[in-house]
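One structure is given below, encoded as structure tokens.
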Ligand SMILES: [Zn+2]
């Protein structure tokens, strides 16, 4: 108990010291970057607008921040995987919206700069209506979870989405094709026969929906239980469910890394997060809560682990989360252009300096060499 107390005092003093002496903290930060490239990172971004009352604009929530991300990646010769919300982009295309072309050009540019673009689905775009000319709102969130759709609808969004990604790869003059997926709201479970069938049909082999150790059983919008997966594993094969290892399985699960986050860190980080000034200009979805607010808050505090988000933590905290996964050979991180900020770009910089980054083509090579 006494040791724990000393540890917390050290943490708090260290944090304030980093504020008072940014030069010294920066040096520590860079030292860490010096041990670089022994570990590999898969930097993933969910390329999407806000999913709540106001989607935000394409320009402020996607184009501008994704360009800033691209510039950091280019500067460090790093690469990332962008999980593209094709339900949104197809919505633009069907409405002949001028933002469609902007996005297509940006995605081509990202591919030309060694990044991968893969499939991400938010089916409630089927219920989107214009708020003003370049903002949207959703008349309903009933279709939020993939499983709420009919078989036909699931088939349609998988095939249209993957065709769109493939056409962009083609326009970027590569022979790559879609091969990875992340479920909107992370809800891939249950991996039903119809979802499996569409993975096979669209040639998707890699799933990135599992957040090691997380659980959210909040129907109708979220439903997953990843609490029992091994947090130390870089990836595994599966066939029936992404959380059940099957060495002969055709699919590969690449879970998002999570790390232990103490209550004190959590409280400070939660409080100061509001000063990060996100680039995006929309509003997220407020969660549908059936429980009392205090119970929800206590539950949040009880959570020991957090996904390692590039866009949610000040570098001090982000760095400390990365230290906790330094035993892992491959660390999969997650961010969103819409919630990036000048502070979060510093996190991205650190990752680029410290790790060898992998895109989907590198991953495929990695698997072949491990066989
Ligand atoms: Zn998403």
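Numbering (our numbering), first residue to last: -11 to 359.
Each residue gets a CB set at the ideal place from its N, CA and C atoms; glycine is no exception.
Item, Value
"Residue 79 CB to nearest heavy atom of ligand 1 below 7 Å", "no"
"Residue 348, buried or exposed, once every other Cβ within 10 Å from all chains shown has been counted against 16", "buried"
"beta-carbon residue 36 near ligand 1 non-hydrogen atom, thresh 7 Å", "yes"
"Secondary structure of residue 170, DSSP reduced to three states", "strand"
"Where the beta strand (DSSP E) through residue 126 begins and ends", "123 to 126"
"Residue span of the beta strand (DSSP E) that contains residue 244, given as start and end", "Looking at the DSSP string, residue 244 is not in any beta strand (DSSP E), and its letter there is neither H nor E."
"C-beta contact flag for residue 28 and residue 343 at 8 Å", "yes"
"8 Å CB neighbourhood of residue 107 in its chain, flanking five on each side removed", "71, 72, 74, 146, 149, 150, 153, 166, 168, 169, 170, 190, 192"
"Simplified DSSP assignment, three categories, for residue 190", "coil"
"Of the listed residues 309, 205, 298, 163, nearest to residue 330 (C-alpha basis)", "298"
"Residue 230 vs residue 180 beta-carbon contact at 8 Å", "no"
"Any non-hydrogen atom of ligand 1 within 7 Å of residue 361 CB", "Because the chain in this structure spans residues -11 to 359, residue 361 falls outside the shown range and cannot be described."
"Closer than 7 Å: residue 108 CB and nearest ligand 1 heavy atom", "yes"
"Three-state secondary structure assigned by DSSP to residue 99", "helix"
"Short Cβ contact (8 Å threshold) for residue 68 with residue 345", "yes"
"Distance cut-off 7 Å: residue 149 Cβ against heavy atoms of ligand 1", "no"
"DSSP-derived helix/strand/coil call for residue 237", "coil"
"heavy atom of ligand 1 below 7 Å from residue 270 C-beta", "no"
"Distance cut-off 7 Å: residue 172 Cβ against heavy atoms of ligand 3", "This structure does not include ligand 3; its bound ligands are ligand 1."
"Within 8 Å, strictly: CB atoms of residue 175 and residue 210", "yes"
"Host alpha helix (DSSP H) of residue 210 (start-end)", "Run containing residue 210: none in the alpha helix (DSSP H); it sits in the beta strand (DSSP E), 210 to 213."
"Cβ pair residue 360, residue 242 closer than 8 Å", "Only positions -11 to 359 of the chain appear in this structure, which leaves residue 360 out of reach."
"Neighbourhood of residue 78 by C-beta, 6 Å cutoff - its chain only, sequence neighbours within 5 removed", "148"
"Opening and closing residue of the beta strand (DSSP E) in which residue 108 lies", "104 to 109"
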